[in-house]
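K.L.:
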Amino acid sequence: MPHSVRVDEDLDQLLSASDALHPYSDEEVVISLATIRDKLASAEKAHSHLEKQSEDVGDWKSVLPWTAQTLERDMAMIDTEVPKLSLIAKEKNVTYQARRIELFTKLICQYPASRDNILREAATDVPPLLRGRIWAAILDVKGDPELFYDSIDKDSENPNDRQLDLDIPRCHQYNELLSSHIGHRKLKRVLKAWLTAEENKLVYWQGLDSLCAPFITLNFNNEALAFSSMRAFLKKYSASFFVADNSVIMQEYMVAFRHILAFHDPELAVHMEEIGLGPELFALPWFMTLYGHIFPLDKIYHLWDSFLTGPPFLHLHTGCAILHQLRDQLIHRDFNTGMSLFSDLSAIDVDACIAHAIRTSKLTPPSLLDHLYFANAGVTSKDVDSTPADQRKHVRPLCLASSSPGTSILKRYQELVGFINREDFREMKGISAVIDARSAEEFQKGHVPFSINLANPIKSVPMAVKIAASRTKFVVVLANDRPRAMQIASVLMKGKIPRTTASVISSEDIEAVETFLCDCNPSHSTSGLARCNNI
Numbered sequence: 001m002p003h004s005v006r007v008d009e010d011l012d013q014l015l016s017a018s019d020a021l022h023p024y025s026d027e028e029v030v031i032s033l034a035t036i037r038d039k040l041a042s043a044e045k046a047h048s049h050l051e052k053q054s055e056d057v058g059d060w061k062s063v064l065p066w067t068a069q070t071l072e073r074d075m076a077m078i079d080t081e082v083p084k085l086s087l088i089a090k091e092k093n094v095t096y097q098a099r100r101i102e103l104f105t106k107l108i109c110q111y112p113a114s115r116d117n118i119l120r121e122a123a124t125d126v127p128p129l130l131r132g133r134i135w136a137a138i139l140d141v142k143g144d145p146e147l148f149y150d151s152i153d154k155d156s157e158n159p160n161d162r163q164l165d166l167d168i169p170r171c172h173q174y175n176e177l178l179s180s181h182i183g184h185r186k187l188k189r190v191l192k193a194w195l196t197a198e199e200n201k202l203v204y205w206q207g208l209d210s211l212c213a214p215f216i217t218l219n220f221n222n223e224a225l226a227f228s229s230m231r232a233f234l235k236k237y238s239a240s241f242f243v244a245d246n247s248v249i250m251q252e253y254m255v256a257f258r259h260i261l262a263f264h265d266p267e268l269a270v271h272m273e274e275i276g277l278g279p280e281l282f283a284l285p286w287f288m289t290l291y292g293h294i295f296p297l298d299k300i301y302h303l304w305d306s307f308l309t310g311p312p313f314l315h316l317h318t319g320c321a322i323l324h325q326l327r328d329q330l331i332h333r334d335f336n337t338g339m340s341l342f343s344d345l346s347a348i349d350v351d352a353c354i355a356h357a358i359r360t361s362k363l364t365p366p367s368l369l370d371h372l373y374f375a376n377a378g379v380t381s382k383d384v385d386s387t388p389a390d391q392r393k394h395v396r397p398l399c400l401a402s403s404s405p406g407t408s409i410l411k412r413y414q415e416l417v418g419f420i421n422r423e424d425f426r427e428m429k430g431i432s433a434v435i436d437a438r439s440a441e442e443f444q445k446g447h448v449p450f451s452i453n454l455a456n457p458i459k460s461v462p463m464a465v466k467i468a469a470s471r472t473k474f475v476v477v478l479a480n481d482r483p484r485a486m487q488i489a490s491v492l493m494k495g496k497i498p499r500t501t502a503s504v505i506s507s508e509d510i511e512a513v514e515t516f517l518c519d520c521n522p523s524h525s526t527s528g529l530a531r532c533n534n535i
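Its first residue numbered 1, the sequence shown is counted upward by one per residue in full-length UniProt numbering.
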């Protein structure tokens, strides 16, 4: 078509602008590949070294029993941990990426037989060029995804179409793929396919588009793989949030988040409690979208790499890691200024978050999160007592007398201190300061060796308890009723004693731990404190 030019335009300026353009040319240009060839050739020499380096990769990722031996090992590793090369630096290293791509390409060709090896290697890092296929392998996507995807109606009108049309144009629009018309269409088709496949089971909530977006960008030319990967990812991490009534799972997550934060940083947890800054005011989108709604895609990729290869509920510990980075500001803020910190999290260092989350997950008693296993399975705390044994075998062993089931969510939310079960206490006791809050008579009949008895209510932390806590890694409060355990544990927490938990001692628990009970005659102080004479 002819191009019109206004007479008042500066022709010299217009022509100079045209000259600056670079139109297509079919001229052949010879580019030397010697530099790249030399780079890859030098990488061959380091190949065996890279393989040796990856032999011990990801040992912490496997779900190992939380035992005294692993605790001692993890404590030693954390104390001597040295900074490693950042993920961004690895991704910019051409030689390193060439070796990783070569390795993962071979493993992907052998999938599904090589799934364990893929998971093991992905624990180190995931090469960006193969991230979509690697995630699909970790999520156990098998067969031909296109067969099922093509059978789903993705074009007919859907009751959610109006909401999708509102949400999609606002979803990560800084990304060139997602901001394009084709990107909008692909995202809508995959979301509609998921809603159809999960009809009568799961529903659409705002934020689902943010969960879907990374899979679209990583599999832009393969909608079927994006759909299958997203569906498997949601089933593993977020399915309980996308139900018609998700209030129960949201409350359970808030309880767990408060307990983890209070366990590792009691001073910050108490401060946020005092100013009324509860996690339900800022953290719900974090866990519902696994941070897909608050971070840009480049940070989400690294976070989800860790979630896919890491221990269960690593995303909860990531939330605590975010607060840890904001700690110096939060600890001095009131409610209004504290809330303003969560409006922009672009300055958060995701690599540091991942490292911090891994450290805290290693040191957190698993029973603090037992209630989440039941909540994710659709079992409420009231139903736990009647849960058939065959349904419990798939989750961690649960000691009902000393864990949270049977107590209302509201009551547990009001308790900053989390309760652990008997199995975790058995593993912790060797490196814990044990505070026995039972009566003096019960303490004398039998108590945990090296424990301290606080038979009377306290208003401040006794010096003997501070000294004992400073010499150990954990503090466990034992009592024969929940309110008594909470009274002592709350005072310890307000006294900034970290890693404090509680456990209710019942007659069944006494029989279970009888093998390591001490029946010595304890020494008493004038303040009413009694100490085991084995100390």
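We put the beta carbon where it would ideally sit given N, CA and C, even for glycine.
Note that the structure is predicted; figures quoted are calculated from it, not measured.
Under three-state DSSP, which class holds H332?
P.N.:
Mapped onto the sequence shown, residue 332 falls at position 332. Coil, per DSSP.
K.L.:
Would you kindly check if the distance between the Cβ of F282 and the Cβ of Y237 is under 8 Å?
P.N.:
For this step, residue 237 is matched to residue 237 along the sequence shown. For this step, residue 282 is matched to residue 282 along the sequence shown. No. Outside cutoff.
K.L.:
Spell out a yes or no on whether the region 249 to 261 and the region 405 to 420 are touching, meaning 3 or more CB-CB pairs, one atom from each, closer than 8 Å.
P.N.:
Cβ pair count under 8 Å is three or more, so yes.
K.L.:
So for R185, helix, strand or coil by DSSP?
P.N.:
Walking along the sequence shown from the start, residue 185 turns up at place 185. It is helical.
K.L.:
I'd like the span of the beta strand (DSSP E) that includes R531, first residue to last.
P.N.:
Counting from 1 along the sequence shown, the entry for residue 531 is found at position 531. Here the beta strand (DSSP E) through R531 covers L529 to R531.
K.L.:
What number of angstroms, rounded off, separates the C-alpha of C518 from the C-alpha of A469?
P.N.:
In the sequence shown, counting from the first residue as 1, residue 518 sits at position 518. In the sequence shown, counting from the first residue as 1, residue 469 sits at position 469. Going by the C-alpha atoms only, they are around 20 Å apart.
K.L.:
From I497, L492 and R422, pick the residue whose C-alpha is nearest to that of I505; which is it?
P.N.:
Looking up residue 505 in the sequence shown gives position 505. Ranking I497, L492 and R422 by Cα distance to I505 puts R422 first.
K.L.:
What is the DSSP secondary structure of D351, counted as helix, strand or coil?
P.N.:
Taking the first residue of the sequence shown as position 1, residue 351 is located at position 351. Three-state result, D351: helix.
K.L.:
Measure how close the beta-carbons of residue 536 and L454 come, nearest whole angstrom, since I'm counting them as under 8 Å.
P.N.:
The question about residue 536 has no answer, for the chain in this structure spans 1 to 535.
K.L.:
Tell me whether the region 184 to 196 and the region 213 to 232 touch, counting them as touching only if at least three CB pairs, one residue from each stretch, are closer than 8 Å.
P.N.:
Enough Cβ pairs lie closer than 8 Å, so yes.
K.L.:
Tell me the DSSP secondary structure of A123 in three-state form.
P.N.:
For the purposes of this step, residue 123 is taken as residue 123 along the sequence shown, with counting starting at 1. DSSP places A123 in coil when its eight states are reduced to three.
K.L.:
Following the continuous alpha helix (DSSP H) through A113, name the residue where it begins and the one where it ends.
P.N.:
Taking the first residue of the sequence shown as 1, we reach residue 113 at position 113. First-last for A113: undefined, no H or E at that position.
K.L.:
Span of the beta strand (DSSP E) holding I435?
P.N.:
Position 435 of the sequence shown, counting from 1, holds the residue named residue 435. That run of the beta strand (DSSP E) goes S432 to D436.
K.L.:
In whole angstroms, what is the alpha-carbon distance linking S48 and L103?
P.N.:
Within the sequence shown, the letter at position 48 stands for residue 48. Within the sequence shown, the letter at position 103 stands for residue 103. For S48, the pLDDT reaches just 43, beneath the cut-off of 50, and the residue's location in the model is therefore unreliable, leaving the point undetermined.
K.L.:
Among S180, H524, R333 and Y204, which has the Cα closest to the Cα of M272?
P.N.:
Start at 1 with the first residue of the sequence shown, and residue 272 comes out as number 272. The option with the nearest alpha carbon to M272 is R333.
K.L.:
Based on Cα-Cα distance, which residue from G310, N221, V203 and A232 lies nearest to D245?
P.N.:
For the purposes of this step, residue 245 is identified with residue 245 of the sequence shown, where counting begins at 1. Of G310, N221, V203 and A232, the residue nearest in Cα terms is V203.
K.L.:
Tell me, which residues are paired with F419 by DSSP?
P.N.:
Position 419 of the sequence shown, counted from the first residue, corresponds to residue 419. Note: F419 sits in a beta bridge opposite A502.
K.L.:
Could you say if the region 342 to 357 and the region 323 to 330 meet the contact criterion of at least three C-beta pairs nearer than 8 Å?
P.N.:
Yes, the region 342 to 357 touches the region 323 to 330.
K.L.:
May I ask you to list the residues that DSSP assigns as paired with S156?
P.N.:
On the sequence shown, position 156 is the one that residue 156 refers to. Note: S156 sits in no beta bridge, so no partner.
K.L.:
Ignore the nearest five residues each way along the sequence and tell me which others in A137's own chain have a CB closer than 7 Å to its CB.
P.N.:
For the purposes of this step, residue 137 is identified with residue 137 of the sequence shown, where counting begins at 1. Excluding sequence neighbours, A137 sits near I108, Y111, R115 and I118.
K.L.:
State the Cα-Cα distance for the pair P159 and A123, rounded to the nearest angstrom.
P.N.:
By 1-based counting over the sequence shown, the position of residue 159 is 159. By 1-based counting over the sequence shown, the position of residue 123 is 123. When rounded, the distance between both Cα atoms is 40 Å.
K.L.:
Can you pull the DSSP bridge partners for I452?
P.N.:
The residue you call residue 452 lines up with position 452 of the sequence shown. Answer is I435 and R531, bridged to I452.
K.L.:
For a test of the three-state rule: what should DSSP assign to S523, helix, strand or coil?
P.N.:
For the purposes of this step, residue 523 is taken as residue 523 along the sequence shown, with counting starting at 1. Strand, per DSSP.
K.L.:
Can you tell me whether H447 is helix, strand or coil according to DSSP?
P.N.:
In the sequence shown, residue 447 corresponds to position 447, counting from 1. Strand at H447.
K.L.:
Could you work out which residue in I488, K362 and M288 is closest to P457 when comparing CA atoms only?
P.N.:
Start at 1 with the first residue of the sequence shown, and residue 457 comes out as number 457. Of the candidates I488, K362 and M288, the one whose C-alpha sits nearest the C-alpha of P457 is I488.
K.L.:
Measure the alpha-carbon distance for I300 versus L211 and round it to whole angstroms.
P.N.:
Counting from 1 along the sequence shown, the entry for residue 300 is found at position 300. Counting from 1 along the sequence shown, the entry for residue 211 is found at position 211. Near 10 Å, if we compare the C-alpha coordinates of L211 and I300.
K.L.:
If the criterion is Cβ atoms closer than 8 Å, does the pair I420 and S361 meet it?
P.N.:
Locating residue 420 in the sequence shown gives position 420, where the first residue counts as 1. Locating residue 361 in the sequence shown gives position 361, where the first residue counts as 1. Contact flag unset, no.
K.L.:
Provide the residue(s) that pair with F474 in DSSP beta bridges, ordered along the chain.
P.N.:
The residue you call residue 474 lines up with position 474 of the sequence shown. S432, per the DSSP bridge assignment.
K.L.:
Would you mind giving the Cβ-Cβ distance between V476 and T501, rounded to the nearest angstrom? I have them listed as a contact below 8 Å.
P.N.:
Position 476 of the sequence shown, counted from the start, is the residue given in the question as residue 476. Position 501 of the sequence shown, counted from the start, is the residue given in the question as residue 501. With a Cβ gap of about 6 Å, V476 and T501 count as contacting.
K.L.:
Identify whether A244 lies in helix, strand or coil by the three-state DSSP scheme.
P.N.:
The sequence position of residue 244 within the sequence shown is 244, counting from 1. In this structure, A244 counts as coil in the three-state DSSP scheme.
K.L.:
Would you give the residue range spanned by the alpha helix (DSSP H) that I409 belongs to?
P.N.:
Sequence index remark: in the sequence shown, residue 409 carries index 409 (1-based). Where I409 is concerned, the enclosing alpha helix (DSSP H) stretches over I409 to Q414.
K.L.:
State the Cα-Cα distance for the pair L297 and V29, rounded to the nearest angstrom.
P.N.:
Here the question's residue 297 lines up with position 297 in the sequence shown. Here the question's residue 29 lines up with position 29 in the sequence shown. Each residue's Cα considered, the two are about 35 Å apart.
K.L.:
Measure the alpha-carbon distance for Y373 versus F220 and round it to whole angstroms.
P.N.:
Numbered from 1 along the sequence shown, position 373 holds the residue referred to as residue 373. Numbered from 1 along the sequence shown, position 220 holds the residue referred to as residue 220. When rounded, the distance between both Cα atoms is 34 Å.
K.L.:
Helix or strand or just coil, what does DSSP make of residue 559?
P.N.:
As displayed, the chain neither begins before 1 nor continues past 535, which places residue 559 out of reach and without an answer.
K.L.:
Return helix, strand or coil for C518, following the three-state DSSP convention.
P.N.:
By one-based count along the sequence shown, residue 518 stands at place 518. Looking at C518 - three-state DSSP - the assignment turns out to be strand.
K.L.:
Assuming I275 and G338 make a contact with CB atoms under 8 Å, what is their CB distance in whole Å?
P.N.:
What you label residue 275 is simply residue 275 of the sequence shown in a count that begins at 1. What you label residue 338 is simply residue 338 of the sequence shown in a count that begins at 1. About 6 Å separates the two Cβ atoms, so the contact holds.
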